[in-house]
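In the numbering used here, the protein residues as written are 1 to 548.
Virtual Cβ for every residue (Gly too), placed ideally from N, Cα, C.
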Amino acid sequence: MNNLLLLYKMQWIMFVNRFFGNKKQAATSIAFFLAIITFFVLVVRFLNARFFYDLQNVPQQEIQVILALIFIISFAILFTFQLFSSLTNLVANFYKSPDLNYFVTTPLNPGVILIFKLINHTFISIGKESLLFFPFYISLAISINATTFFYILLPIVYFIVAAMAASIGIIIGMLLLKKLSIKSYRYIVNIGNFLAFVLVWGIVLTDILQIPQPIIKLAERVITEESIILIIPFVSGAELLTQIASGFKVAALKPLAYLLAVATFILFLTYFIAKHNFFTGWMNNSYVKHKQKNKKLKSKRNLKVASNNLHPIFCVVKNEWIRATKNYDIMAGALVLYGLYIAMLFYLSSSDISFNLIISAAMLGGMFLVTTGTSVLLISSEIILNPYAAKYQFSILKFLPLKAKDVLTARLIMNYVPSAVILSMGLSGLLFSIQQTMFTLITIVLIQLIILLGYTTLNQSYEIIYYQCYYKKQNFLGGLISFVAPAIYLILTIGLFILYQAKPLFSSSWINVILNMPTIATIAIVTIVLQLTYTYRLGAKAWDKMEF
Numbered sequence: 001m002n003n004l005l006l007l008y009k010m011q012w013i014m015f016v017n018r019f020f021g022n023k024k025q026a027a028t029s030i031a032f033f034l035a036i037i038t039f040f041v042l043v044v045r046f047l048n049a050r051f052f053y054d055l056q057n058v059p060q061q062e063i064q065v066i067l068a069l070i071f072i073i074s075f076a077i078l079f080t081f082q083l084f085s086s087l088t089n090l091v092a093n094f095y096k097s098p099d100l101n102y103f104v105t106t107p108l109n110p111g112v113i114l115i116f117k118l119i120n121h122t123f124i125s126i127g128k129e130s131l132l133f134f135p136f137y138i139s140l141a142i143s144i145n146a147t148t149f150f151y152i153l154l155p156i157v158y159f160i161v162a163a164m165a166a167s168i169g170i171i172i173g174m175l176l177l178k179k180l181s182i183k184s185y186r187y188i189v190n191i192g193n194f195l196a197f198v199l200v201w202g203i204v205l206t207d208i209l210q211i212p213q214p215i216i217k218l219a220e221r222v223i224t225e226e227s228i229i230l231i232i233p234f235v236s237g238a239e240l241l242t243q244i245a246s247g248f249k250v251a252a253l254k255p256l257a258y259l260l261a262v263a264t265f266i267l268f269l270t271y272f273i274a275k276h277n278f279f280t281g282w283m284n285n286s287y288v289k290h291k292q293k294n295k296k297l298k299s300k301r302n303l304k305v306a307s308n309n310l311h312p313i314f315c316v317v318k319n320e321w322i323r324a325t326k327n328y329d330i331m332a333g334a335l336v337l338y339g340l341y342i343a344m345l346f347y348l349s350s351s352d353i354s355f356n357l358i359i360s361a362a363m364l365g366g367m368f369l370v371t372t373g374t375s376v377l378l379i380s381s382e383i384i385l386n387p388y389a390a391k392y393q394f395s396i397l398k399f400l401p402l403k404a405k406d407v408l409t410a411r412l413i414m415n416y417v418p419s420a421v422i423l424s425m426g427l428s429g430l431l432f433s434i435q436q437t438m439f440t441l442i443t444i445v446l447i448q449l450i451i452l453l454g455y456t457t458l459n460q461s462y463e464i465i466y467y468q469c470y471y472k473k474q475n476f477l478g479g480l481i482s483f484v485a486p487a488i489y490l491i492l493t494i495g496l497f498i499l500y501q502a503k504p505l506f507s508s509s510w511i512n513v514i515l516n517m518p519t520i521a522t523i524a525i526v527t528i529v530l531q532l533t534y535t536y537r538l539g540a541k542a543w544d545k546m547e548f
């Protein structure tokens, strides 16, 4: 126990030195903390005004059913997020953790090291999603005039449910890693993470009034106090908060007992399984056995012909794509963005808005989500550990026999082609689902590809300009421009068309004069041409001036 407290004392000293080591660090940390609180308050006010404003007018006999539905759905989503977050972060926090290699060489008890890592992993997994869920629950509590006891109990129940999900993720992950390699494990987890993300956001983005019947029946069984259902962690947590919010404190004792009993069992089971499986899996993945592969060797002549036929630009693109397929640490983030794009398409396919608005929204959201996901996938995993090394990912390209335009073209191809394929497939599926003709499909997809080409050119050119002009000199200004410039491009190419569809909402005469189709088309074409010519040349010039 003393050793465990000593480890956390060391963690606390590291935390203080990192965020409050001097006055500048302290001021930055406090400003960041205040910004988070401000964002939190704004989100709570928005949710309260947008979604929960009329809950106070709901009759008392109906409010309990509504609260049960809200808590069950939200806790189920929370449980799913935390489970896959735990599975995704397990390798980084345990098997590839730098401090673990240090701890195993110390005289510390392996059980103490394991408990320390388990607690840290749980807190890391829980902390990332708390900003997403807590504003939702606080705004719900405000709308129903919840008591002070509810506000005290809310973070405790939230932590218990999330900790159980993280613990189950540890159990599943360690059992898999005892038999599988880290590479195979990451493939399985990333695919599961992607499918779960699409499923969750597909539920969130559908009409909330069309709640599936199994969920309604589950809520009814919870309210009728069927004990067997309370074994499920997020169900007992939802029932506990529902009873407290409804004012039935005595009835809340039963789900509280189930929640604590199940949580205690899962935590002890997690430690038992981790104790008997973690170090075995860690040893199995600490070294790689060399396997002789019986491959047919190519002759030197064939290799020479192949290398001569492949242009240097495509060699760079090929190598980057191969590296991206092995970038397992970043792959989960890219899959989340791709999954959100697919969920958005499902939502748009079932919406009642006009056809033009559906296509514009699909292009606007897809352009941001898919291109960002592709860019994330092409980022080196070392940059996450050391952000100041971001510029030096270009250093190898600088010493290759490539001109500035060749380098920029290679970066355009490696980002444009995957994004174009995903966006074309997504938009084609959306158009087929709303029964459009083949001519309409081809025309709209071609328009999207042209807009995407200008958007990718802007992003890749400005990335080089940023590292040449703003990196480590004016980071804030450079970061602001990197956000504003693509936003302006999307507004001028797609946003104006969306405003044109909403033209009847504007009463000002000057807006009605500007928002006409010839003007919008001209602005969009000029904007795209400027990216392909002027911005492209600026990026090439910045590459020539870049120094390392």
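In whole angstroms, what is the alpha-carbon distance linking residue i and residue j?
i	j	result
residue 532	residue 486	14 angstroms
residue 333	residue 407	26 angstroms
residue 403	residue 397	10 angstroms
residue 375	residue 415	7 angstroms
residue 138	residue 44	7 angstroms
residue 442	residue 365	20 angstroms
residue 363	residue 446	12 angstroms
residue 27	residue 433	53 angstroms
residue 259	residue 179	32 angstroms
residue 18	residue 103	21 angstroms
residue 527	residue 355	24 angstroms
residue 182	residue 94	12 angstroms
residue 491	residue 529	15 angstroms
residue 617	residue 449	In this structure the chain extends from 1 to 548, so residue 617 is not present and cannot be described.
residue 116	residue 91	16 angstroms
residue 438	residue 422	18 angstroms
residue 461	residue 393	15 angstroms
residue 12	residue 119	14 angstroms
Going by DSSP in three states, residue i sits in which element: helix, strand or coil?
i	result
residue 545	helix
residue 301	The predicted model places residue 301 with a pLDDT of 46, which falls under 50 and marks its position as unreliable; any figure quoted below should be read in that light. Of the three classes helix, strand and coil, the one that applies to residue 301 here is helix, per DSSP.
residue 276	helix
residue 99	helix
residue 352	coil
residue 21	coil
residue 248	coil
residue 94	helix
residue 47	helix
residue 378	coil
residue 480	helix
residue 327	coil
residue 394	helix
residue 516	coil
residue 306	Residue placement at residue 306 cannot be trusted, given a pLDDT of 47 that sits under 50; what the coordinates show is reported in the next sentence. DSSP places residue 306 in helix when its eight states are reduced to three.
residue 624	A question about residue 624 goes unanswered here, because the residues of the chain that appear run from 1 up to 548.
residue 271	helix
residue 290	Legend: pLDDT at residue 290 = 48, less than 50; position of this residue unreliable, value from coordinates given subsequently. It is coil, neither helix nor strand.
residue 489	helix
residue 10	helix
residue 338	helix
residue 500	helix
residue 470	coil
residue 528	helix
Is it the case that the Cβ atoms of residue i and residue j are separated by a distance below 8 angstroms?
i	j	result
residue 64	residue 126	no
residue 86	residue 166	yes
residue 262	residue 410	no
residue 174	residue 272	no
residue 478	residue 470	yes
residue 244	residue 149	yes
residue 190	residue 335	yes
residue 525	residue 496	no
residue 144	residue 89	no
residue 391	residue 467	yes
residue 451	residue 494	yes
residue 157	residue 240	yes
residue 378	residue 463	no
residue 500	residue 515	yes
residue 328	residue 537	no
residue 68	residue 242	yes
Enumerated in chain order, which unbroken segments of the alpha helix (DSSP H) with a length of 4 residues or greater are wholly contained in the region 96-180?
98-103, 110-143, 148-179
Counting pairs of Cβ atoms below 8 angstroms between the region 412-430 and the region 359-376, do you hit three or more?
yes
Closer than 8 angstroms is the cut-off here; do at least three beta carbon pairs connect the region 128-135 with the region 230-237?
no
Could you tell me whether the region 339-350 touches the region 424-431, using the rule of 3 or more Cβ pairs below 8 angstroms?
yes
At 3 residues or longer, and completely inside the region 401-449: list those beta strand (DSSP E) runs for me, N to C.
none
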